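Asks:
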Amino acid sequence: MKPRPVAPVAMPRPYLSTRQLAELTPWSPAAIEAKVRRGEFKLGVHYFQPGGRDGERVWKWNAIVTLIEGSEGGRAEEEGQNGRSRRGAIDVETATAGLQGLLDQPP
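Note that the sequence shown covers residues 5 to 111 in my numbering.
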């Protein structure tokens, strides 16, 4: 039997409006705005505002995909001192090494 041809999948444009981003992700425009306020989306990384503070946001699709897929680049930005991320997760190995260093110091 001859295989059916597969229709090509259209790739999203490199830059999207908030409405377009909401159509391509599980987030509503209000949820996207909330993520901006919480700092989950960063100006100059995930979105740009060519018109200044009052301009409409322009979203960079590749950066959004990287954030969604949780690549190492996105994780590195989220981690702070002692391996603790902003979400509260702790890197146990980093925390253990830090604590061991404190215990090894003379009183």
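By construction, the Cβ of each residue, glycine as well, lies at the ideal position given by its N, Cα and C atoms.
A quick note: this is a predicted structure, and the numbers were derived from the prediction, not measured.
(1) Thinking just about the alpha-carbon of each residue, which of P110, P7, D95 and H50 is nearest to the one in I72?
(2) Between R61 and T22, is the Cβ-Cβ spacing less than 7 Å?
(3) Using DSSP bridges, identify the partner residues of W63.
(4) Considering just the uninterrupted stretch of the alpha helix (DSSP H) at Q104, what are its terminal residues?
(5) What is the rounded straight-line gap between the Cα of K46 and the Cα of A99?
(6) Using CA coordinates, which residue listed in P18, Y19, W63 and Q24 is at the minimum distance from V40?
(7) So, with DSSP's three-state summary, where would you put G78?
(8) Using three-state DSSP, classify P33 as helix, strand or coil.
(9) Taking all protein chains shown into account, decide if I36 is buried (16 or more other Cβ within 10 angstroms of its Cβ) or exposed.
Replies: Quick look at the numbers:
(1) Taking the first residue of the sequence shown as position 1, residue 72 is located at position 68. When only C-alpha atoms are compared, the closest one is H50.
(2) Counting from one through the sequence shown, the residue named residue 61 turns up at place 57. Counting from one through the sequence shown, the residue named residue 22 turns up at place 18. It is a contact, given that the beta carbons lie within the stated cut-off.
(3) Here the question's residue 63 lines up with position 59 in the sequence shown. According to DSSP, W63 bridges with L20 and Y51.
(4) As a first step, residue 104 is located in the sequence shown; it is residue number 100 there, counting from the start. Its alpha helix (DSSP H) spans residues V96 to D108.
(5) The residue given as residue 46 occupies position 42 in the sequence shown. The residue given as residue 99 occupies position 95 in the sequence shown. Cα-Cα distance, rounded: 27 Å.
(6) The sequence position of residue 40 within the sequence shown is 36, counting from 1. Nearest C-alpha to V40: W63.
(7) To locate residue 78, count along the sequence shown from 1; it is residue 74. Residue placement at G78 is flagged as unreliable, the pLDDT there being 43, under the threshold of 50; the coordinate-derived value follows with that caveat. G78 falls in the helix class under three-state DSSP.
(8) Along the sequence shown, read from residue 1 onward, the residue named residue 33 stands at position 29. Helix at P33.
(9) Taking the sequence shown and counting its residues from 1, one reaches residue 36 at position 32. So I36 ends up on the buried side.
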